[in-house]
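Contents: one structure, followed by commentary.
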Amino acid sequence: MTIQSRLSALTEAQMDDAQRAVLKDILSGPRGNLDGPFLAWIHSPQLADHAQRLGAFCRYGTRLELRLSELAILFTAAWWQSQAEWQIHEPIARQAGVSDAVIEALRRQATPEFEHEDERLIYRLGESLYRQRRVDDALYRQAVEAFGEPAVVELVGVFGYYALVAMTLNVFAVRRYTDAPLPFAEP
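Each position in the sequence shown, counted from 1, maps to that position plus 27 in my numbering.
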């Protein structure tokens, strides 16, 4: 799959030592590729290094079930209408067990009809966080009761990290070119 962006091309031969070091870390880690926001972040190796470590934790190391973290990621991708973030995570979310109906509702930015209460709770947290920039006491208590306080802390990290990813992908117009249409209309 071809990845393109508005960034200037950067080959390994053009990279400085710090960029090569972070590239090596990214390629040897769980991702195994320089995809998505890393196309941009590699231009700033210090940002790339910190972001890739945080991202690896948010994607692979939280207490959240993969289905729930991928739901939070898709919610964020839809909120920011981040084409590449959606293209990357939609198949992962589907494979992790997020239903087709929920995925399609998120893509259309409609409120999904959830079969699972834990998914509804993730959605409500994301919506509150992004719309009100706060989570009220009752919703917070529900989340802590359902997931535990450490997992709620990690969930907020997932929302925040993937908002950074979405902004990066949108600013630098990172796209995965496939035969499929873009998930969101371009403004």
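Just so it is clear, CB atoms sit at the ideal spot from N, CA and C, and this is done for glycine as well.
Remember, it's a predicted structure, so these values are computed and weren't measured experimentally.
What does the Cβ neighbour count give for residue i, buried or exposed, with the cut at 16 atoms within 10 Å?
| i | result |
| --- | --- |
| E39 | exposed |
| Q41 | exposed |
| P72 | buried |
| E117 | buried |
| V198 | exposed |
| P208 | exposed |
| P139 | buried |
So, under 8 Å CB-CB, residue i and residue j are touching, yes? Tell me the CB distance rounded to an integer number of Å.
| i | j | result |
| --- | --- | --- |
| F211 | Q108 | 4 Å |
| R90 | A178 | 4 Å |
| R202 | Q110 | 6 Å |
Should residue i and residue j be called a contact, given that it needs their Cβ atoms to be closer than 9 Å?
| i | j | result |
| --- | --- | --- |
| E92 | D145 | yes |
| I115 | G63 | yes |
| Y189 | E112 | yes |
| L37 | Q46 | yes |
| I149 | L98 | yes |
| A105 | L133 | yes |
| Q31 | A200 | yes |
| T195 | G153 | no |
Kindly list the residues whose CB is nearer than 7 Å to the CB of residue i, restricted to its own chain and excluding five residues on each side of it in sequence; keep chain order.
| i | result |
| --- | --- |
| E181 | T89, R90, L91 |
| A173 | D145, L148 |
Skipping 5 residues on each side, what residues in its chain have a beta carbon closer than 8 Å to that of residue i?
| i | result |
| --- | --- |
| V281 | Summary: the structure shown does not reach residue 281, with the chain confined to residues 28 through 214, and so no result is reported for it. |
Tell me which same chain residues have a C-beta within less than 6 Å of the C-beta of residue i, skipping the five on either side of it?
| i | result |
| --- | --- |
| C85 | G184, V185, Y188 |
| W68 | L74, A75, A78 |
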